[in-house]
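In the UniProt record's numbering, the protein residues as written are 1 to 249.
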Ligand code: PEP
């Protein structure tokens, strides 16, 4: 049985005090769930979030990391720095990193390799732009995003990979892929992985959907057989909304 996951990407929101308040509220209201729950606060608040959530079932994860072990990369954070404060999972390939920080397949590939080499888990994001969907190129595009970054990995590496399909046109826009569109793409992703590796790897990999998931639409999206949970942006910043989404799984 593959893991169900609900992960909250807080992006560049919540200062230290606000982070502590939201974490306290989430901890207090966390339902008993079979899903793994993750939150990704801003870098500067990660260490304190790990301390605050000590003994909690909520895992603190990073929004990004650099591929180098150390060195002259002003403003960047390494895998070792994350591991050293108790962070074992990093989001890699979020569409905002791709769009605003020019992170393409080559850089993302280095990041994934660095994370795995350091024993970290990777939450790898990918998804098409609106033009790709309109022109019917979305399956090809998603296939190439997966292939260029993940298909040269050793089969064993897949136990450390979580996928998040996030159509860019649905992120922070209020527009969601329909549950059928999400299911169609998730099934395609699983088949693509089965063809490149094998059916066991494809069946065991958790595939999250991300893009304007809210309490009102989570249950229907999560009910689809190949959707194993969600990567949540805006709704992860409001404790009651995030809790409702966890309960929907
Ligand atoms: C995201 O940024 O990963 C995301 C899914 O955002 P939102 O839920 O706000 O669309």
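Here a beta-carbon is modelled for each residue, glycine too, at the ideal position from N, C-alpha and C.
DSSP-derived helix/strand/coil call for residue i
i, result
"residue 97", "helix"
"residue 65", "coil"
"residue 91", "strand"
"residue 162", "strand"
"residue 38", "strand"
"residue 238", "coil"
"residue 139", "helix"
"residue 176", "coil"
"residue 121", "strand"
"residue 44", "helix"
Through-space distance from residue j to residue i, alpha-carbon basis
i, j, result
"residue 55", "residue 136", "47 Å"
"residue 188", "residue 14", "36 Å"
"residue 27", "residue 183", "31 Å"
"residue 200", "residue 3", "14 Å"
"residue 21", "residue 140", "43 Å"
"residue 116", "residue 197", "18 Å"
"residue 72", "residue 81", "15 Å"
"residue 12", "residue 237", "11 Å"
Nearest residue (CA-CA) to residue i, options the options
i, options, result
"residue 202", "35, 150 and 172", "150"
"residue 18", "31, 37, 46 and 130", "46"
"residue 84", "119, 102 and 111", "119"
"residue 8", "220, 141 and 213", "213"
"residue 175", "43, 33 and 129", "129"
"residue 186", "152, 219 and 225", "225"
"residue 218", "177, 195, 190 and 194", "177"
Within 8 Å, strictly: CB atoms of residue i and residue j
i, j, result
"residue 209", "residue 230", "yes"
"residue 99", "residue 249", "no"
"residue 148", "residue 105", "yes"
"residue 146", "residue 192", "yes"
"residue 232", "residue 243", "no"
"residue 158", "residue 113", "no"
"residue 170", "residue 211", "yes"
"residue 167", "residue 127", "yes"
Whole-angstrom C-beta distance between residue j and residue i, which should lie under 8 Å
i, j, result
"residue 94", "residue 78", "Not really, about 18 Å apart at Cβ, beyond 8 Å."
"residue 88", "residue 121", "6 Å"
"residue 5", "residue 228", "7 Å"
"residue 40", "residue 61", "5 Å"
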